[in-house]
Amino acid sequence: MLLRRPARCGDECYGPPVDWYFFGGLAAGAAFLASRGAFRRRHQEAAADASGLVPVGDLTHLPATLQRTALWSLAEGGFEGRVVHGALSRGRHDLDVTAFDLETLRERRGEWAYLPVEPPFRIAGTVSIVVCEVDRAFPHVLFKRAGRGDDLLDDDMIERAGSIAKLARGGLGMPSSYPAEMPRTLSPAALDVKLPEHWRVYGDPVAVDALLAAGFATTLDHGSRRDLVIELLDGLVIVYPAARDVIGPDAFADLTTTALAIADGVLACSPSLSPRGVE
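When the letters of the sequence shown are read in order and numbered with this note's numbering, they come out as residues -18 to 260.
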């Protein structure tokens, strides 16, 4: 009688070997993404509590006008975070207010841009922004207070070392900065008007003269934050510090308070809209 040797239990019993390192890496990546999401939600909720607004998921409620601003030319779009929104009563006016951080698309590409006005200025890779929607219809006006953004400083060594895109651009000898596309609604030269110290303005001279004649210079004088930018376009009042985002919920709330005070000044110094147009 022929005796057969028992078959050894190999692949035919247990299947191919399992790469446990691969599955362990997937689990670690999922845990990292979950913890990062929880961290961002905590920061968003803290910013909402400090500013009196509520967390929202994105910026889809904002009008497309935002994409015609100098801010958008400098950023080329980007990725929003810490988005909070709400309707606030300001005396006789109700304002829709949205505050958020924007990591610019240029930052993801390892570059930055400056607005080619005289003198030019840049924004940071991540900038904190407050948008107030008001019952007005402005031509494009941009006020800029002197600050770090006017120095056009390149990203420092730590900022470059933390970005693969910036390291790659440097290794390939590619430039790190470019002039942004100038909005057609702005002129490169600052308007020759009397403003509080350290301020300059670009855009529609008729609208600027009307604001200043109604006392808007007082609002600018009180808005003494260095590097502050104020853009007026259609029904938006957009306020952001050029060179840096704001860190922490209290600083975020302070920026929101500054933007609301500026919006109050804009409303006080300009005619409201009626169903037939401007009153």
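All C-beta atoms in this analysis are idealised placements derived from N, C-alpha and C, irrespective of residue type, glycine included.
So, residue i versus residue j, is the Cβ gap smaller than 9 Å?
i      : j      : result
Gly59  : Glu88  : yes
Ala80  : Ala244 : no
Gly224 : Asp208 : First, the residue type needs correcting, since residue 224 is Ala and not Gly in the sequence shown. Closer than 9 Å, so yes.
Ala31  : Asp185 : no
Asp82  : Ser109 : yes
Leu123 : Glu212 : yes
Leu192 : Lys175 : no
Val220 : Met163 : no
Leu148 : Gly91  : yes
Give every residue of the same chain whose Cβ lies closer than 6 Å to the Cβ of residue i, excluding the five residues on either side of it in the sequence, and list them in chain order.
i      : result
Ala296 : The chain is shown from -18 up to 260; residue 296 falls before or after that span and cannot be answered.
Ala15  : Any reading at Ala15 is ruled out, since the residue's pLDDT is 45, under 50, leaving its predicted position unreliable.
Ile104 : Leu55 and Ala223
Glu84  : Gly59, Phe60 and Thr107
Ala127 : His179
Thr237 : Ser32, Ala80 and Val111
So is residue i buried or exposed if we call it buried at 16+ other beta carbons inside 10 Å?
i      : result
Gly196 : exposed
Ala51  : buried
Pro100 : exposed
Leu248 : buried
Thr290 : Outside the shown range of the chain, which is -18 to 260, sits residue 290, and nothing can be said about it.
Gly229 : exposed
His121 : buried
Ser251 : buried
Asp173 : exposed
Val189 : buried
Tyr159 : exposed
Val227 : buried
Gly204 : buried
Val187 : exposed
Val181 : Note that residue 181 is Arg in the sequence shown, not Val. With 16 or more Cβ atoms within 10 Å of its Cβ, Arg181 is classed as buried.
Going by DSSP in three states, residue i sits in which element: helix, strand or coil?
i      : result
Val98  : coil
Pro169 : coil
Glu212 : strand
His121 : strand
Ala184 : Reading off the sequence, residue 184 comes out as Gly, not Ala. It is a strand residue.
Arg126 : strand
Pro222 : strand
Asp190 : helix
Asp135 : coil
Leu248 : helix
Leu217 : strand
Glu140 : helix
Ile243 : helix
Pro156 : coil
Pro256 : Below a pLDDT of 50, predicted positions are generally treated as unreliable, and Pro256, at 48, falls in that range; the measurement from the model is reported next regardless. Coil.
Ile110 : strand
Gly151 : helix
Starting from the C-beta of residue i, find all residues in its chain whose C-beta is less than 8 Å away, skip the five residues before and the five after it, and write them out in chain order.
i      : result
Thr46  : Leu214, Asp215, Gly216 and Leu217
Ala68  : Asp75, Leu76, Asp77 and Val78
Pro44  : Glu114, Asp215, Gly216 and Leu217
Ala198 : Lys175, Leu176 and Pro177
Arg165 : none
Ala242 : Thr200, His203 and Gly204
Counting only the same chain and skipping the five closest in sequence on each side, list residues whose C-beta sits under 7 Å from that of residue i.
i      : result
Phe13  : Note that Phe13 scores 42 on pLDDT, short of 50, meaning its location in the model is unreliable; the coordinates nonetheless yield the value given after this. Once the five neighbours on either side are set aside, Phe13 has no close Cβ partner at all.
Leu34  : Val65, His66, Gly67, Val78 and Ala80
Phe102 : Tyr95, Leu96, Lys125, Gly130, Asp131 and Ala223
Asp202 : Pro177
Leu133 : Tyr95, Pro101 and Arg103
Arg17  : Only weak support is given to the placement of Arg17: the predicted model assigns it a pLDDT of 48, under 50, and the question is left unresolved by the model.
Arg141 : Lys147, Leu148 and Gly151
Comparing the C-beta of residue i with each C-beta of chain D, is any distance below 9 Å?
i      : result
Met155 : Considering every chain present, this structure includes no chain D. It has just one protein chain.
Segments of 3+ residues assigned as beta strand (DSSP E) that fall wholly inside the region 23 to 106: Correct list: 59 to 71, 74 to 85 and 93 to 96.
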